[in-house]
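Beneath this line is the structure, given in structure tokens, with notes to follow.
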Amino acid sequence: MGFNVLQIRGDSRTVITKCKSTEHDRSVIGAIIRDIQNLKIHFHKISFHSIPRSENTFAHFAAVEALRKGESHYLIGDVPSSVRCTVERKRLWHPD
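Quick note on this note's numbering: the sequence shown kicks off at 1143 and runs consecutively.
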């Protein structure tokens, strides 16, 4: 996709910490962590940040919607309107 600077944000502090590491991971998700660690060299700059789960609502709904539709890429181009509506409804239920 042509990105050379990438910022990854996630609500799993453990996964973010493992992605930042250069150590060999032997956990259940070890193969995925190794793939991420191997791909880091292809970017000019890549950073990993842990965020509170409450800030990850949009990404969660976007991923769920993509899985429901059987899509493999769900944030290329525009945000699906169904995701926008779900996030807006959730904001009304749980205002900041």
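Heads up, the beta-carbon is just placed ideally off N, CA and C, and yes, glycines get one too. Keep in mind that this is a model prediction, so the values were computed, not measured.
Alpha carbon to alpha carbon, how far is residue j from residue i? Give it in angstroms, no decimals.
i: residue 1125; j: residue 1193; result: What is shown of the chain runs 1143 to 1238, which leaves residue 1125 out entirely.
i: residue 1186; j: residue 1180; result: 14 Å
i: residue 1160; j: residue 1195; result: 18 Å
Residue i by DSSP, collapsed to three states: which one?
i: residue 1186; result: coil
i: residue 1150; result: strand
i: residue 1196; result: helix
Residue i lies in the alpha helix (DSSP H); which residues open and close that run?
i: residue 1176; result: 1172 to 1181
i: residue 1239; result: In the structure as shown, the chain starts at 1143 and stops at 1238, and residue 1239 therefore has no counterpart that could be examined.
Using alpha carbons as the reference points, say which of the options lies closest to residue i.
i: residue 1149; options: 1203, 1188, 1204 and 1167; result: 1188
i: residue 1183; options: 1203, 1197 and 1162; result: 1162
i: residue 1154; options: 1191, 1145 and 1178; result: 1191
i: residue 1158; options: 1200, 1178 and 1212; result: 1178
Use the C-beta contact count for residue i: other C-beta atoms within 10 angstroms, 16 or more gives buried, fewer gives exposed.
i: residue 1170; result: exposed
Does the ligand GDP have even one heavy atom less than 7 Å from the beta-carbon of residue i?
i: residue 1167; result: Looking for the ligand GDP in the displayed structure turns up nothing, as the structure carries no ligands at all.
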